[in-house]
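The structure appears right after this line, and notes come after that.
Numbering (our numbering), first residue to last: 62 to 227.
Given below as structure tokens:
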């Protein structure tokens, strides 16, 4: 009987300690990682609303579905670049635009290629790259709302806008 009592005591004590609650250890809360956006020194800030068209800087036009700068447009860009090289107090935004034909996505890409072509030409002519930004508006900002070749030709363009450095 002594053995039964010892065995019973042992089983009961294992049962009691086996059912005891274990302390819950909470993992430490993760510290949120703060990510700073990378700065791109080659593009000026383009979020200011005071970009302006000025008489000294002219708009150029493109052929349908093209980002190639035409010979007559090169002369305009050369004159624009002469002004921009002298005017070191301004930064430049080249806007690429398209006509209404084509998808939104395609026209945004084409507008960006047009803006980049003008930017690259300005850089080749001596305008500092860190003063030139680009943006594409695709078909979102037509100058002529018409639905014919004359209107479309006016909308296939690259506008060079300037503002004083901030």
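All C-beta atoms, glycine included, are put in the ideal place defined by N, C-alpha and C.
Item, Value
"Restricting to Cα atoms, I'd like to know which of 114, 166, 130 is closest to residue 201.", "166"
"For the alpha helix (DSSP H) that residue 214 lies in, which residues bound it at each end?", "210-216"
"Name the residue from 191, 189, 170, 160 whose alpha carbon lies nearest to the alpha carbon of residue 207.", "160"
"Taking buried to mean at least 16 other C-beta atoms within 10 Å of its own C-beta, is residue 141 buried or exposed?", "buried"
"Does the Cβ-Cβ distance between residue 176 and residue 149 come in under 8 Å?", "no"
"Exposed or buried, what is residue 168 when buried is set at 16 or more other beta-carbons lying within 10 Å of its beta-carbon?", "buried"
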